[in-house]
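**Q** One structure is given below, represented as structure tokens, and several questions about it will come after.
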Ligand code: BG6
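Residue numbers (the numbering used here): 253 to 720.
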């Protein structure tokens, strides 16, 4: 790439901007990955340039995951400016023009829409009126719409202003180092792909329990809930990485095509195989309706009806205020056709062997299997082989998910972004659930969700909690 950029950050005083985007943009500039750029923060708050810089500095000091560096901050701060969205498109246009003059030439523009779905179209129109569409790319935050009709309408309206090639729909789970490692693991090795199918795999679990609650995001969360916040977005995207066929190359069209084939093969969700939950106390949270039916938890069975995966259930589970925070993909292999090791031989045979991807920042992979317990006789132990990214020499080079994706969008690299077609198909398979939504079941904070999750997966069992 490396052209200078004008970055216009809508939702600049929101939670995501504070935690991830402002510290991430700063790191990209400081690391030299991104050339000289200017950033305009836009939001509804009454800030000016100075108070926005103070806000961003606090965010940097609190959420930057690397060593805080005062000199680097001092160099970055003057590149930030602020404009209130109420000032209108003309004010935005002249602020942009002044900064582009500072950068010189015709810098590229990156508009980051860190705003709720309802506000996205207003921002698109503001950009159009401010004549900031040319030379620009936009990053859009999920959820993209709230059902099939709204996603289609949103895509159609955005396409009136921006070409599909300019639109980068972000799903930060796909920017996680460990998620990308799924592709390397599957397609850079000859060992695993031959067993990556219904003949060898019994079922797959994708489990993203979180201990945190709303963190002041009730306004967003009440209208969204766990299914739309996490499943129709992150968990389905990760599922596609696990399930897709080998792409013809790693370019974005090939990968999107294979992911979209997975989405096309997914069966519509059956509400009978969906458990929605709400943690006790949720309705007392600030900004939550006393009779709220918002799901803070969801577990479901997804099915991919193709040659590779027919008959292999994918169990997905995520929720707030659960017992532990984790991001685990767990592949359970079929058991051997004949067992010569009776129960009672050491651990005996307790369920299948597993391959586990831990998508946490300190990411890991492990393969669990049975082996002989040392000593007389033939007794078994469950053993495991592990890879821990944090223990590798290059652990310090990891880019955070948002950093990687912003960097990719600036380069016009679309591989890790989602397409309009894929998103619409995911809403389409969600239609039966949205039309016939099961009631939320209460669960106690600090647990693994409502009891009904066990019937969902029986006679198999949820893998978490497990010893790592
Ligand atoms: C966000 C959701 O997209 O992902 C949050 O809106 C969730 O509700 C978060 O907590 C989880 O992301 P991560 O990277 O912390 O696993």
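The beta-carbon is built from N, C-alpha and C at its ideal position, and this holds for glycine as well.
Alpha helix (DSSP H) containing residue 627: first to last residue?
**A** No alpha helix (DSSP H) contains residue 627, which DSSP labels as neither H nor E.
**Q** With respect to the beta strand (DSSP E) encompassing residue 289, which residues constitute its N-terminal and C-terminal limits?
**A** Note, residue 289: beta strand (DSSP E), 289-295.
**Q** Taking the alpha helix (DSSP H) that residue 490 falls in, what are its first and last residues?
**A** 488-495 is the extent of the alpha helix (DSSP H) around residue 490.
**Q** Can you say whether residue 446 is buried or exposed, counting buried as having 16 or more other CB atoms within 10 angstroms of its CB?
**A** Exposed.
**Q** Please check the pair residue 581 and residue 606, which I expect to be a contact at CB under 8 Å, by giving their CB distance rounded to whole angstroms.
**A** Not confirmed; about 10 Å, so no contact.
**Q** Please report how far the alpha carbon of residue 511 lies from the alpha carbon of residue 688, in whole angstroms.
**A** Their Cα atoms are separated by approximately 27 Å.
**Q** Whole angstroms is fine: what's the gap from residue 322's alpha carbon to residue 314's?
**A** Computed Cα separation, rounded: 13 Å.
**Q** Could you check if residue 718 is buried or exposed, using at least 16 other CB atoms within 10 Å of its CB as the buried criterion?
**A** Residue 718 is exposed by the Cβ-count criterion.
**Q** Would you please state the rounded distance, in angstroms, between the beta carbons of residue 380 and residue 413? I believe it to be under 8 Å.
**A** Contact flag correct, Cβ pair sits at about 5 Å.
**Q** Between 356, 276, 392, 305, which has its C-alpha nearest residue 671's C-alpha?
**A** Closest by alpha carbon: 392.
**Q** For the 8 Å Cβ check, are there 3 or more pairs between the stretch 524-543 and the stretch 495-508?
**A** No, the stretch 524-543 is not in contact with the stretch 495-508.
**Q** In the DSSP output, what is residue 324 paired with across the bridge?
**A** Looking at the DSSP assignment, residue 324 forms no beta bridge with any residue, so it has no partner.
**Q** What's the C-alpha gap between residue 262 and residue 587?
**A** Roughly 51 Å separates the two Cα atoms.
**Q** Excluding five sequence neighbours on each side, which residues of the same chain lie with their C-beta closer than 7 Å to the C-beta of residue 390?
**A** Taken in chain order, the residues that qualify are 363, 365, 414, 418, 419, 420.
**Q** With distances taken Cα to Cα, identify the nearest neighbour of residue 526 among 335, 430, 704.
**A** Taking only the C-alpha atoms, the option nearest residue 526 is 704.
**Q** Which two residues bound the contiguous alpha helix (DSSP H) that contains residue 375?
**A** Where residue 375 is concerned, the enclosing alpha helix (DSSP H) stretches over 369-381.
**Q** Does DSSP put residue 701 in a helix, a strand or coil?
**A** Of the three classes helix, strand and coil, the one that applies to residue 701 here is coil, per DSSP.
**Q** Give the C-beta separation of residue 701 and residue 549 to the nearest angstrom, bearing in mind that I take them to be a contact with Cβ-Cβ under 8 Å.
**A** The Cβ separation is near 5 Å, so the contact holds.
**Q** In the DSSP assignment, the beta strand (DSSP E) including residue 336 goes from what residue to what residue?
**A** Its beta strand (DSSP E) spans residues 332-336.
**Q** For the candidate residues 410, 320, 491, whose alpha-carbon lies nearest to that of residue 385?
**A** When only C-alpha atoms are compared, the closest one is 410.
**Q** Residue 303 to residue 656, Cα distance in whole Å?
**A** Roughly 28 Å separates the two Cα atoms.
**Q** Where do the N-terminal and C-terminal ends of the beta strand (DSSP E) with residue 282 fall, by residue?
**A** Where residue 282 is concerned, there is no enclosing beta strand (DSSP E), although the alpha helix (DSSP H) it sits in stretches over 274-282.
**Q** For the beta strand (DSSP E) containing residue 552, name the first residue and the last one.
**A** Run containing residue 552: 549-554, per the beta strand (DSSP E) assignment.
**Q** Candidates 332, 369, 695: which alpha carbon is nearest residue 535's?
**A** Out of 332, 369, 695, 695 has the C-alpha closest to the C-alpha of residue 535.
**Q** Report yes if the C-beta of residue 481 is less than 6 Å from at least one heavy atom of the ligand BG6; otherwise report no.
**A** Yes.
**Q** Check the C-beta distance from residue 372 over to residue 406 and give it rounded, since I have them as a contact under 8 Å.
**A** Contact holds; Cβ gap of about 7 Å.
**Q** What did DSSP end up calling residue 681 once you bin it into helix, strand or coil?
**A** Helix.
**Q** Please report the straight-line C-alpha distance between residue 368 and residue 621, rounded to a whole angstrom.
**A** Approximately 45 Å, taken between the alpha carbons.
**Q** Is it buried or exposed, residue 457, if we count other Cβ atoms within 10 angstroms and call 16 or more buried?
**A** Buried, since its Cβ has 16 or more Cβ neighbours within 10 Å.
**Q** Less than 7 Å between the C-beta atoms of residue 289 and residue 257, yes or no?
**A** Yes.
**Q** In angstroms, rounded to a whole number, what distance separates the CA positions of residue 424 and residue 396?
**A** Taking the straight line from one Cα to the other gives about 14 Å.
**Q** Quick test of the definition: if touching needs 3 or more C-beta pairs under 8 Å, does the stretch 557-575 touch the stretch 452-466?
**A** The answer is yes - the stretch 452-466 touches the stretch 557-575, with three or more Cβ pairs under 8 Å.
**Q** Taking the C-alpha atoms as reference points, what is the distance between residue 428 and residue 481?
**A** Their backbone Cα atoms lie some 17 Å apart in a straight line.
**Q** Identify which residue in 641, 627, 628, 591 has its Cα closest to the Cα of residue 611.
**A** Considering only alpha carbons, the answer is 641.
**Q** Taking Cβ positions, are residue 615 and residue 539 nearer each other than 7 Å?
**A** No; because the gap between Cβ atoms is not below 7 Å, this pair is not in contact.
**Q** Could you check whether the stretch 265-279 touches the stretch 645-654, counting it as contact only if at least three pairs of C-beta atoms, one from each stretch, sit closer than 8 Å?
**A** With a cut-off of 8 Å, the stretch 645-654 and the stretch 265-279 count as touching, because enough Cβ pairs lie within range.
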